[in-house]
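Residue numbers (my numbering): 9 to 258.
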């Protein structure tokens with residue numbers, strides 16, 4: 009008897025019903041701590057796109073003649089990971105990584121963010137060094153279709169060999185691969201991403217700070233992503249029931 013796809017997904021532990029936003033310590037633009045950033049996000053009930061250029065399409069052309077607002081518009085985004093909740097710890101404390109994420113963050117219900125316009129990243133395979141032209145073509149959309157480009161370009165990332173930008177004599181050394189992050193993004197052009205407690209499954213923080221966070225933000229339960237999820241079984245089951253989720257939560 010044919011099965012409904014939703015019934016199958018309920019038992020797919022490799023597919024998370026959540027999207028996780030992790031904060032990090034100061035990056036030279038916003039020097040707040042990861043903890044302070046999370047506190048501000050919860051107080052304001054919104055995620056604000058940062059100034060960092062995220063999209064790899066920026067390597068498809070010359071950005072030096074672009075204004076800072078335009079670079080943010082075409083290449084900036086709010087970022088999330090679809091990594092299953094019990095594997096979020098794998099994103100932390102990675103040697104040599106340019107972006108050092110922290111155990112502070114929020115776990116959102118994926119369906120809620122999909123309705124707000126958050127999209128999965130499109131990963132482009134450049135192992136054969138044959139995608140430079142593709143990224144150049146994508147970059148050209150900033151001139152030919154600027155409004156559409158602002159919605160689309162932030163969603164691209166490359167894996168394999170790095171993109172050789174036009175006019176650059178040699179390809180950057182090394183390879184890149186963040187496909188395993190299962191990243192989703194909310195383009196900067198969409199503005200701030202407002203949310204309510206009804207969109208948040210749980211918050212994330214170190215275990216010894218849970219009581220403090222829950223005391224100051226009573227609408228959200230907190231767990232430590234660095235600990236085995238069995239520590240928080242009762243809390244997670246309660247949240248699952250509150251949201252009426254049929255999916256496995258870990």
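For every residue, glycine included, the Cβ atom is placed at its ideal position computed from N, Cα and C.
| query | At what residues does the beta strand (DSSP E) containing residue 114 begin and finish? | reply | 109-117
| message | Closer than 8 Å is the cut-off here; do at least three beta carbon pairs connect the stretch 46-55 with the stretch 207-227? | response | yes
| query | Skipping 5 residues on each side, what residues in its chain have a beta carbon closer than 6 Å to that of residue 150? | reply | 82, 157
| task | Return the chain-ordered ranges of every alpha helix (DSSP H) run that is complete within the stretch 130-181 and spans a minimum of 4 residues. | result | 140-152, 154-160
| task | Check the DSSP bridge columns for residue 85 and list the partner residues they point to. | result | 195
| said: Taking its Cβ as the centre, do 16 or more other Cβ atoms sit within 10 Å of residue 71, making it buried, or is it exposed? | reply: buried
| said: Quick check: the Cα distance between residue 203 and residue 121, rounded to an integer number of angstroms? | reply: 9 Å
| task | Give the range of the alpha helix (DSSP H) segment to which residue 246 is assigned. | result | 241-251
| said: Please identify the residue among 86, 212, 57, 245 whose C-alpha is closest to the C-alpha of residue 191. | reply: 86
| request: Give me the Cα-Cα distance between residue 39 and residue 131, rounded to the nearest whole angstrom. | output: 30 Å
| query | Taking buried to mean at least 16 other C-beta atoms within 10 Å of its own C-beta, is residue 113 buried or exposed? | reply | buried
| message | For residue 66, count the other beta carbons within 10 Å of its own beta carbon; 16 or more makes it buried, fewer makes it exposed. Which is it? | response | buried
| message | Do residue 117 and residue 25 count as a contact pair if the criterion is CB distance below 8 Å? | response | yes
| query | Ends of the alpha helix (DSSP H) at residue 223? | reply | 218-224
| field | Per-residue DSSP class, three states only, for residue 54 | value | strand
| request: Verify whether the separation of the beta carbon atoms of residue 57 and residue 214 is less than 8 Å. | output: no
| Just curious, the beta strand (DSSP E) that residue 29 is in, first and last residue? | 26-32
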